Amino acid sequence: MLLGRTLGFYFARQFIKTIFIVFATVFALVYTLDFVELMRRAGDAENATAGLVAQLALFRTPAIAEQVMPFAVLFGSMAALLQLSRKLELVVARAAGISAWQFLQPGFLVALLIGVGSVTIYNPVSASLKQQAANLETSIFSRTTQTSGKTIWLRQRSQDGHAIFRADGSRTDAASLVGVTVYTFDMDGSFTHRIESREATLHEGFWELRNARVLSATEEPESHERYLIASHLQPSQLRQSFIAPDSVPFWDLRETIERMDRAAINTTAYKLHYDILLARPLLFIAMVFVAASVSLRFFRFGGVAMMVLGGVAAGFMLYVATELMAELGASGIISSVVAAWFPAVVGSLLGTLALLYQEDG
Numbered sequence: 001m002l003l004g005r006t007l008g009f010y011f012a013r014q015f016i017k018t019i020f021i022v023f024a025t026v027f028a029l030v031y032t033l034d035f036v037e038l039m040r041r042a043g044d045a046e047n048a049t050a051g052l053v054a055q056l057a058l059f060r061t062p063a064i065a066e067q068v069m070p071f072a073v074l075f076g077s078m079a080a081l082l083q084l085s086r087k088l089e090l091v092v093a094r095a096a097g098i099s100a101w102q103f104l105q106p107g108f109l110v111a112l113l114i115g116v117g118s119v120t121i122y123n124p125v126s127a128s129l130k131q132q133a134a135n136l137e138t139s140i141f142s143r144t145t146q147t148s149g150k151t152i153w154l155r156q157r158s159q160d161g162h163a164i165f166r167a168d169g170s171r172t173d174a175a176s177l178v179g180v181t182v183y184t185f186d187m188d189g190s191f192t193h194r195i196e197s198r199e200a201t202l203h204e205g206f207w208e209l210r211n212a213r214v215l216s217a218t219e220e221p222e223s224h225e226r227y228l229i230a231s232h233l234q235p236s237q238l239r240q241s242f243i244a245p246d247s248v249p250f251w252d253l254r255e256t257i258e259r260m261d262r263a264a265i266n267t268t269a270y271k272l273h274y275d276i277l278l279a280r281p282l283l284f285i286a287m288v289f290v291a292a293s294v295s296l297r298f299f300r301f302g303g304v305a306m307m308v309l310g311g312v313a314a315g316f317m318l319y320v321a322t323e324l325m326a327e328l329g330a331s332g333i334i335s336s337v338v339a340a341w342f343p344a345v346v347g348s349l350l351g352t353l354a355l356l357y358q359e360d361g
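Heads up: the sequence shown runs through residues 1 to 361, numbered per full-length UniProt numbering.
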């Protein structure tokens with residue numbers, strides 16, 4: 001049975017208001033902390049000014065704040081339900097014959113709309129700002145090489161066979177690799193050469209390796225000032241492959257994945273991020289279920305503080321499960337679909353079970 005329009009709008013406004021307040025508070029806190037940290041880093045940068053640092057922090061904050069959206073929905077829903085319970089509005093609703101499933105309908109609808117909006121509108125904006133932040137950070141701190149803290153691996157196919165690239169980093173334009181070691185194989189998969197070079201630059205149809213040293217099992221090592229390797233990759237594809245998945249807008253992810261698949265570039269992280277975004281509305285609904293399971297106790301019965309603490313613990317456990325499944329999905333142990341949807345589905349089911357136990361015994 002659906003809730004009345006007037007009461008439904010009232011409850012929906014309460015959910016929207018508290019969720020927005022929680023998210024805005026987190027956003028402001030993240031911005032302040034990031035601004036302070038960037039100002040500390042900017043002490044030795046000649047190009048840094050307070051205005052540029054403030055702009056950089058503003059560009060970086062939406063992507064960071066996006067990661068805490070599920071908790072904004074959880075804590076905002078808990079606050080809305082506790083406030084309604086404290087004012088005895090839920091007591092009156094129950095006395096009028098309205099069940100918990102009915103007055104939670106506005107919360108579920110709000111969570112669904114926020115989830116869809118965060119994926120279709122907020123995510124493209126935050127991803128675009130994150131790319132601008134990366135360019136601005138490069139200009140401020142004069143970085144010439146990206147240092148992600150991880151070795152770059154790249155595999156390609158060409159008319160000469162297969163090649164595996166290992167690099168220590170990439171240039172800011174991401175069309176050049178530094179600290180490169182290349183392992184080449186013929187069409188049958190047999191190893192042919194190992195090539196070491198300080199820098200490899202991708203051009204249209206070939207790689208150019210500078211100061212390369214070529215080693216093989218059957219020939220003496222050779223040194224070349226300039227060494228070429230055929231490639232079907234395009235510089236634009238290489239740049240795209242080194243962009244973090246969360247820097248690609250939602251509407252461009254499918255095209256990016258298809259283009260990288262054609263180039264034989266590993267797309268596991270991008271597929272996982274795409275599936276996580278698709279599962280986000282259900283995850284937000286799961287957060288409302290969790291909030292309801294710990295926030296519907298009447299104040300006069302006491303024990304509200306312990307139930308709120310239980311809600312925080314449940315949210316933390318769901319976060320740990322989400323991160324664990326994401327790691328398993330990124331490593332290829334499980335599929336990206338399972339890794340993305342498992343926390344949302346299980347969270348919704350457990351929240352429903354807890355609510356059924358409380359309301360229907």
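A virtual CB, placed ideally from N, CA and C, is assigned to each residue, including glycine.
In this text, all values refer to a predicted model and were calculated from it rather than measured experimentally.
Only counting the same chain, and skipping five residues up and downstream in sequence, which positions put a Cβ closer than 8 Å to that of residue i?
i	result
Ser-176	Ser-170, Glu-199, Ala-200, Thr-201 and Leu-202
Gln-131	Ile-243 and Ser-247
Ile-257	Thr-267, Tyr-270, Lys-271 and Tyr-274
Gly-332	Thr-268
Phe-9	Pro-106
Gln-83	Gln-14 and Thr-18
Ser-158	Ile-229, Ala-230, Ser-231 and His-232
Which partner residues of residue i appear in the DSSP bridge assignment?
i	result
Gln-156	Ala-163
Glu-183	Checking the displayed sequence, the identity of residue 183 turns out to be Tyr instead of Glu. DSSP lists Ile-164 and Arg-194 as partners of Tyr-183.
Arg-86	Bridge partners of Arg-86: none, in fact.
Leu-202	Trp-207
Ala-340	Looking at the DSSP assignment, Ala-340 forms no beta bridge with any residue, so it has no partner.
Tyr-227	Leu-209
Based on Cα-Cα distance, which residue from the options lies nearest to residue i?
i	options	result
residue 377	Phe-75, His-232, Ser-223 and Ser-190	Residue 377 lies beyond the residue range present for the chain, which begins at 1 and ends at 361; the question has no answer from this structure.
Val-30	Gln-14, Arg-13 and Ala-63	Ala-63
Glu-228	Ser-197, Leu-104 and Met-187	Note that residue 228 corresponds to Leu in the displayed sequence, not to Glu. The residue with the shortest Cα to Cα distance from Leu-228 is Ser-197.
Glu-225	Pro-235, Ala-217 and Arg-213	Arg-213
Ala-313	Trp-101, Met-287 and Met-325	Met-287
Val-110	Ile-285, Tyr-270 and Ile-334	Ile-285
Ser-223	Gln-234, Met-317, His-193 and Phe-206	His-193
Asp-34	Gly-51, Pro-245, Gln-156 and Arg-60	Arg-60
Leu-253	Gln-234, Leu-349 and Ala-127	Ala-127
Ala-321	Gln-156, Ser-336, Pro-343 and Arg-5	Pro-343
Leu-154	Ile-98, Val-178 and Pro-221	Val-178
Ala-217	Glu-89, Pro-235, Phe-191 and Lys-87	Phe-191
Leu-209	Ile-195, Leu-349 and Leu-215	Ile-195
Leu-318	Val-119, Pro-70, Asp-188 and Ala-12	Pro-70
Gln-156	Ser-99, Ala-100, Gln-358 and Gly-189	Gly-189
Leu-136	Arg-86, Met-187, Glu-220 and Gly-51	Gly-51
Phe-206	Ala-96, Ala-95, Gln-234 and Gln-358	Gln-234
Terminal residues of the continuous beta strand (DSSP E) containing residue i?
i	result
residue 367	This structure leaves residue 367 out entirely; the chain is present only between 1 and 361.
Where do the N-terminal and C-terminal ends of the alpha helix (DSSP H) with residue i fall, by residue?
i	result
Leu-215	Note, Leu-215: premise wrong, no alpha helix (DSSP H); beta strand (DSSP E) at 206-215.
Ala-286	268-295
Val-36	5-41
Ser-331	Neither: Ser-331 is in no alpha helix (DSSP H) and is coded neither H nor E.
Pro-62	50-66
Leu-112	105-117
Ala-133	123-141
Thr-256	250-262
Please list, in chain order, all residues of the same chain as residue i whose beta carbon is under 7 Å from its beta carbon, the five residues on each side excluded.
i	result
Val-26	Ala-65, Val-68 and Ala-72
Leu-38	Val-53, Leu-56 and Ala-57
Leu-81	Ala-291, Ala-292, Ser-295 and Leu-296
Ser-148	Since pLDDT at Ser-148 reaches only 45, below the 50 mark, its modelled position is unreliable, and the value read off the structure follows with that caveat. Around Ser-148: no qualifying Cβ.
Ala-133	Leu-56, Phe-59 and Arg-60
Grab me the residues of residue i's own chain with a C-beta within less than 6 Å of its C-beta, minus the 5 sequence neighbours each way, in chain order.
i	result
Gly-107	Phe-15, Ser-77 and Val-288
Ala-93	Phe-103
Ile-276	Ala-340
Ile-334	Leu-328
Ala-48	Ala-42 and Ile-140
Asn-123	Phe-250
Phe-23	Ala-72
Leu-129	Phe-59 and Pro-62
Leu-355	Ala-292 and Ser-293
Leu-90	Leu-84
For the stretch 114-130 and the stretch 277-292, state whether three or more C-beta atom pairs, one from each stretch, are separated by less than 8 Å.
-> yes
Segment contact, 8 Å Cβ cut-off, at least three pairs: the stretch 305-313 with the stretch 286-295 | yes
Would you be able to state if there are at least three C-beta pairs under 8 Å between the stretch 76-94 and the stretch 6-20?
-> yes
Check whether the stretch 156-163 touches the stretch 182-198, taking contact to mean three or more Cβ pairs, one atom from each stretch, closer than 8 Å.
-> Contact between the stretch 156-163 and the stretch 182-198 is present, because at least three Cβ pairs lie under 8 Å.
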